[in-house]
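Protein sequence lines correspond, in order, to chains E and W.
Mapping to my numbering: the first sequence position 8 is 9, numbers consecutive.
Mapping to my numbering: the second sequence position 151 is 494, numbers consecutive.
Written out below as C-alpha cells is the structure these notes cover.
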Amino acid sequence: MAAVELRHVEKRYANGTLAIGDVSLTIDDGELMVFVGPSGCGKSTLLRLMAGLEAVTGGEIVVGGRVVNDLPPQQRNIAMVFQNYALYPHMTVRGNIEFPLRMMKLPREEARRRLQHTAALLGLEPLLDARPRQLSGGQRQRVAMARALVRDPAVFLLDEPLSNLDAKLRGEIRAEILSLQRRTGTTMAYVTHDQVEAMTLGDRVAVLNGGVLQQVGTAQTLYAAPVNTFVAGFIGSPPMNLFHTTVQRDTHGVLYMAMGRHQVPMAAPHWPRLAAGAAVPVIAGLRPEALSCVDGDSRGPVIEVMVRSVENLGHEKLIIFLPPLEGGLDNTTPWTARCQPRVQVVPGVHTSLAVDTANVIFFDPADGRALADQWTS
Amino acid sequence: MRPVGGSGLLHWAKYTAWYLFTASCAAVFAAPVVFMVVGSLKPDDRVLAEAGGWRAFVPGHASLQNYHDVFARVDFGLFFLNSAVIVGAIVAGGLVVNSLAGYAFARMRWRGRDALFAAVLALLIIPFEAIAVPLFYEVSLFGWRNTYVVQIAPFVANAFSIYLFYTFFLGMPRELEEAARMDGAGFFHTFFRIIVPNARPVFATVTILSFLMFWGSYLWPLLVTSGPAVRPLPVAVAEFKTLPPLKWGDILAFGVMMVAPALLIFVFFQRWFIRGVVSSGIKG
Chain E
2 MAAVELRHVE KRYANGTLAI GDVSLTIDDG ELMVFVGPSG CGKSTLLRLM AGLEAVTGGE
62 IVVGGRVVND LPPQQRNIAM VFQNYALYPH MTVRGNIEFP LRMMKLPREE ARRRLQHTAA
122 LLGLEPLLDA RPRQLSGGQR QRVAMARALV RDPAVFLLDE PLSNLDAKLR GEIRAEILSL
182 QRRTGTTMAY VTHDQVEAMT LGDRVAVLNG GVLQQVGTAQ TLYAAPVNTF VAGFIGSPPM
242 NLFHTTVQRD THGVLYMAMG RHQVPMAAPH WPRLAAGAAV PVIAGLRPEA LSCVDGDSRG
302 PVIEVMVRSV ENLGHEKLII FLPPLEGGLD NTTPWTARCQ PRVQVVPGVH TSLAVDTANV
362 IFFDPADGRA LADQWTS
Chain W
344 MRPVGGSGLL HWAKYTAWYL FTASCAAVFA APVVFMVVGS LKPDDRVLAE AGGWRAFVPG
404 HASLQNYHDV FARVDFGLFF LNSAVIVGAI VAGGLVVNSL AGYAFARMRW RGRDALFAAV
464 LALLIIPFEA IAVPLFYEVS LFGWRNTYVV QIAPFVANAF SIYLFYTFFL GMPRELEEAA
524 RMDGAGFFHT FFRIIVPNAR PVFATVTILS FLMFWGSYLW PLLVTSGPAV RPLPVAVAEF
584 KTLPPLKWGD ILAFGVMMVA PALLIFVFFQ RWFIRGVVSS GIKG
C-alpha cells in the first residue's frame, strides 16, 4: 500500500489543449479517493497519468514516496480497472487473472495461491474456466477487479468501472468495491461522472472541471461548504438552487436577502462586519432541503411560488417551480424544493415555501467563489 | 443480399429466380475448375473431343493415368516443393513483418510515421510489372538469381498486407494493450500474447490473399530462374505445356495438383477469412 501525491501535475497535448492544469492533491495510504466531474473534465486523463499510460507535461506524480514520472506503467506497481473491463477475450477467467502473475514470473505455487485467494475474495471460483464472453456484466467487472487485485498493487485505479452496468447491479457492485477496499486497505483512485456514486464511495471526493481541481473534501464538506458555484451546482441531486441577488443590512442590524418581491431576513451570523445600508451583490445558493413546504407552524421567512410540477418519490416530494425572481436570467431555471410526502401540492397552483436562511450559501458574482467571510467576524 | 417482401406465389417466384440467378453465376465460375478436374481424369484423346459440349463436364472412362504420366514425365515433387518453400516463406515471413509494421503504424507514435505510411499506401498503386526490371537489376547485383531468396525476399513486406493489418489493429480496443501494459507486459509480450490471438481473422485473410497471390506467381520466377532446381509450379506448368508430346489430359492433371493446395487453404481459412475481410473494414 502507498500514498499517491500529485504535485502541480499538468497535461498539455501536442496541439496545445490543456487537459489537466496544475493539480495538486494527496491520496493517503489506504484511502479511497473519488474523482468526479462532468464529461471531458480530465478525470480519466488524471487517472491515466497516474497509471503511466500518458506522460505528464508538468509537475510530479509520487507513489509511495518515489517520483514515478519516468517509469512505465508496469514499474509503478499500480493496477487499473478499465471502463470496458478490457478482459482478454481469448483467455479464460483463470488466464486473465493469472496473466499479471506470469508477467511477474512468480513461482507456480505462489501464483496458484494468489489466484485462489483472489478468486475466493471476489466469488469467482465457479467461473474460472469460463471465457469473458460467457459472463454477465457484473461478473466481467469482478474478473477485471480480480486481475487488478491479484498483483497486490500499491495503488488501485478504477476508471468509471460501473458505467456499463444497470442501476441495480451498479448499487450491488458499488457496495462490493467499498467492502473490498475496506478489507484489503488498498489505496484507491476511482473515477466517475456520477456524483451519487462519488458521494457514497469516497473517503474524500475530488471535483474537477475543465482540467482544474475545484475542491477536495469529504462528501459532507462538498455538500455543505462548496468552494464555488460549480461544486455547489454539481454536487447534490437535485442540484443547489443558485441565483443572483443582493444582501443588505438595515439600521437594526438585520441582514436581508432579496428574492423577487420578498426581502428575506437572514439568520445570524452572516457577515457581522457588513455595514448597514450597503447592498452587496452576491450569488446565493439554497439546497432543495432549505426550501420546504409550509405545514402550518413553519417558522422563518416564507415565499410564495407557482408550482410547475411535482415528483413524488415516495419518501419525499420534489416541488419544481420557477424562482420568485423578477427580471434577469435567473428566473428561467427551475428550482427544486423538498417536501414531506404527505403534503398536498398540485402543479399550476401557488404554494408557500419556508426558507431556511441558516443554510444559504453566498458566492462572489465576479468569480463564483464562496464568500469566505460570510460566517466569520 | 436477397429479395425480400411479397407473399405466396410471387414470393416463391422471386426466390426461385434469385436462386437460379446465383446458381448460374456459381456455375460460370465453377465451370473451368470442373472442366479441369473432369478432363484430368479422362483419356487424352477425349479431352479435346468432348471439350465443346456438356460431356466435357462428365467423367467417362475415368482413371488416374494422366496423374501418373505427369509424375513420369517431370519432377513434379520438386516443383511442388519449390512452390511450397517459396510461398510458405513469403506467407510466414509476411505475417510477422507486415503485422508488426501494421501495428507500428496503427498504434505507436514515432517521428515520420504518417509520411512513411503514406509512402506504403502509395506502393499499392504501383503495378509489379513497373518495378520488375529495376528489381531484376538489383537482385542480379546481389548475385541472387536462380535462388529461393530472390523469389522470397522482395515479397515478404507487402503494402496491402500492412494496410489490412493496420485497419484491423486500428479497430481493436486500445484498452486491451493498456491493460496488458498495466499487467506488466512489455511490447513483444503484448503483441504476441494479447494482440495476435485476438487478430486471427486478419491473419487468416492475409494468409489466404498472400498464398493466392504468390502460389500463382509467374512473371518474376520466369525472370529470375533459369533451371528446374528452384523453379515453382506456375513456370513449370508453362514449360510442361511445351514439352512434347502435347497431352491435354496431363496438363489438366498438372493444373489440378497445382490448384488443389490453394483450394484447401481457402476452405480451411474460409470462416476466418470472411470475418477478417469484414472486420478489416473492406467490404467484400
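Built from N, CA and C at the ideal position, the CB exists for glycine as well.
Only a predicted model underlies this, so the values are computations on that prediction, with no experimental measurement involved.
Checklist entry - What does DSSP give as the partner residues of CYS42 (chain E) in its beta bridges? => result Paired residues: none, contrary to the question.
Checklist entry - Of all the residues that make up the region 162 to 185 of chain E, which are near chain W by a beta-carbon distance shorter than 7 Å? => result In summary, no residue of the region 162 to 185 of chain E has a CB separated from any CB of chain W by less than 7 Å.
Checklist entry - Roughly how many whole angstroms lie between the Cα atoms of ALA87 (chain E) and MET515 (chain W)? => result Using only the alpha carbons, I get a separation of about 11 Å.
Checklist entry - What are the boundary residues of the alpha helix (DSSP H) that THR222 (chain E) is part of? => result Its alpha helix (DSSP H) spans residues 220 to 225.
Checklist entry - Roughly how far, in whole angstroms, is the beta-carbon of MET81 (chain E) from the beta-carbon of MET601 (chain W), given that I think they are within contact range, below 8 Å? => result About 53 Å; that fails the 8 Å criterion.
Item to check | The beta strand (DSSP E) enclosing PHE157 (chain E), as first and last residue numbers | outcome: Boundaries of the beta strand (DSSP E) around PHE157 (chain E): 156 to 160.
Checklist entry - Whose C-alpha, out of E:LEU159, E:PRO348, E:LEU128, is nearest the C-alpha of THR193 (chain E)? => result Cα-wise, what sits closest to THR193 (chain E) is E:LEU159.
Checklist entry - Ordered along the chain, which non-local residues of its own chain (more than five positions away) have a Cβ less than 8 Å from that of MET405 (chain W)? => result Residue identity differs from the one stated: residue 405 (chain W) is Ala in this sequence, not Met. Its chain contains LEU384, LYS385 as the residues whose beta carbon lies nearer than 8 Å to that of ALA405 (chain W), once the 5 sequence neighbours on both sides are disregarded; these appear in chain order.
Next on the checklist: Tell me which residue opens and which closes the alpha helix (DSSP H) that VAL440 (chain W) is part of.
Outcome noted: Run containing VAL440 (chain W): 419 to 450, per the alpha helix (DSSP H) assignment.
Next on the checklist: Any beta carbon from chain W within less than 8 Å of TYR89 (chain E)'s own beta carbon?
Outcome noted: Judged by the 8 Å Cβ criterion, TYR89 (chain E) is in contact with chain W.
Checklist entry - Apart from the five residues on each side of it in sequence, which residues of its chain come closer than 7 Å, Cβ to Cβ, to LYS584 (chain W)? => result Closer than 7 Å at the Cβ level, and outside the excluded window around LYS584 (chain W), lie ILE594.
Checklist entry - Where does the unbroken beta strand (DSSP E) through LEU566 (chain W) begin, and where does it stop? => result Not the beta strand (DSSP E): LEU566 (chain W) falls in the alpha helix (DSSP H), residues 562 to 567.
Checklist entry - Between ARG13 (chain E) and ILE21 (chain E), what straight-line distance do the alpha-carbon atoms span, to the nearest angstrom? => result Each residue's Cα considered, the two are about 7 Å apart.
Checklist entry - Which residue comes first and which comes last in the alpha helix (DSSP H) that contains ARG95 (chain E)? => result Element bounds for ARG95 (chain E): 94 to 105.
Checklist entry - Around the C-beta of LYS318 (chain E), are 16 or more other C-beta atoms found within 10 angstroms, so that it is buried, or is it exposed? => result Buried.
Checklist entry - Which partner residues does GLN264 (chain E) have in the DSSP bridge list? => result Secondary-structure assignment with DSSP links GLN264 (chain E) through a beta bridge to E:ALA259.
Item to check | Whole-Å CB distance - PHE364 (chain E) paired with ASN229 (chain E), under 8 Å assumed | outcome: Their Cβ separation, rounded to whole angstroms, is 7 Å, which keeps PHE364 (chain E) and ASN229 (chain E) in contact under 8 Å.
Checklist entry - Roughly how many angstroms lie between the CA atoms of GLN75 (chain E) and LEU47 (chain E), to the nearest whole one? => result Computed Cα separation, rounded: 17 Å.
Checklist entry - CB ASN78 (chain E) to CB PRO162 (chain E), shorter than 8 Å? => result Contact: no.
Checklist entry - Where DSSP assigns a beta bridge to TYR509 (chain W), which residues make up the other side? => result For TYR509 (chain W), DSSP assigns no beta-bridge partner whatsoever.
Checklist entry - Would DSSP call VAL545 (chain W) helix, strand or coil? => result Under the three-state reduction of DSSP, VAL545 (chain W) is assigned to helix.
Item to check | ARG543 (chain W) versus GLY486 (chain W) - alpha carbon distance | outcome: Using only the alpha carbons, I get a separation of about 37 Å.
Checklist entry - Just how far apart, CA to CA, sit PHE508 (chain W) and ARG456 (chain W)? => result Rounded to the nearest angstrom, the two C-alpha atoms are 15 Å apart.
Next on the checklist: Considering only the alpha carbon of each residue, which of W:TYR358, W:LEU352, W:GLY445 lies closest to ILE538 (chain W)?
Outcome noted: The shortest C-alpha separation from ILE538 (chain W) is found at W:GLY445.
Checklist entry - Tell me which same chain residues have a C-beta within less than 6 Å of the C-beta of ARG95 (chain E), skipping the five on either side of it? => result The answer, listed in chain order, is LEU129.
Item to check | ARG574 (chain W), DSSP secondary structure in three states | outcome: Correct three-state label for ARG574 (chain W): coil.
Checklist entry - Between PRO402 (chain W) and the rest of its own chain, which residues show a CB-CB distance below 8 Å, the 5 nearest in sequence each way excluded? => result Result list for PRO402 (chain W): VAL381, LEU384, LYS385, in chain order.
Checklist entry - How long is the line joining the alpha carbons of GLU290 (chain E) and ARG339 (chain E), rounded to whole angstroms? => result Their backbone Cα atoms lie some 5 Å apart in a straight line.
Item to check | Euclidean distance between Cα positions of GLN196 (chain E) and GLY237 (chain E) | outcome: If you draw a straight line from the Cα of GLN196 (chain E) to the Cα of GLY237 (chain E), it comes to about 7 Å.
Item to check | Ordered list of alpha helix (DSSP H) runs contained in the region 38 to 93 of chain E, each at least 4 residues | outcome: Entirely contained in the region 38 to 93 of chain E, the alpha helix (DSSP H) runs reaching 4 residues are, in chain order, 44 to 52.
Checklist entry - Span of the alpha helix (DSSP H) holding PRO282 (chain E)? => result Taken as a continuous stretch (DSSP letters only), PRO282 (chain E) belongs to no alpha helix (DSSP H), being part of the beta strand (DSSP E) at 280 to 287.
Checklist entry - Three-state secondary structure (DSSP) at MET241 (chain E)? => result Shown here, MET241 (chain E) sits in coil according to DSSP, grouped into three states, outside any helix or strand.
Item to check | Inside the region 181 to 230 of chain E only - beta strand (DSSP E) runs reaching at least 3 residues | outcome: Runs of the beta strand (DSSP E) inside the region 181 to 230 of chain E: 188 to 193, 205 to 210, 213 to 218.
Checklist entry - ILE537 (chain W) versus chain E: which residues are under 7 Å apart at the beta carbon? => result Those are TYR89, listed as they occur along chain E.
Checklist entry - Would a check of beta-carbon distances place MET104 (chain E) closer than 8 Å to chain W? => result Put simply, the CB of MET104 (chain E) is near chain W, with a gap under 8 Å to one of its CB atoms.
Checklist entry - How long is the line joining the alpha carbons of GLN182 (chain E) and LEU459 (chain W), rounded to whole angstroms? => result Rounded to the nearest angstrom, the two C-alpha atoms are 48 Å apart.
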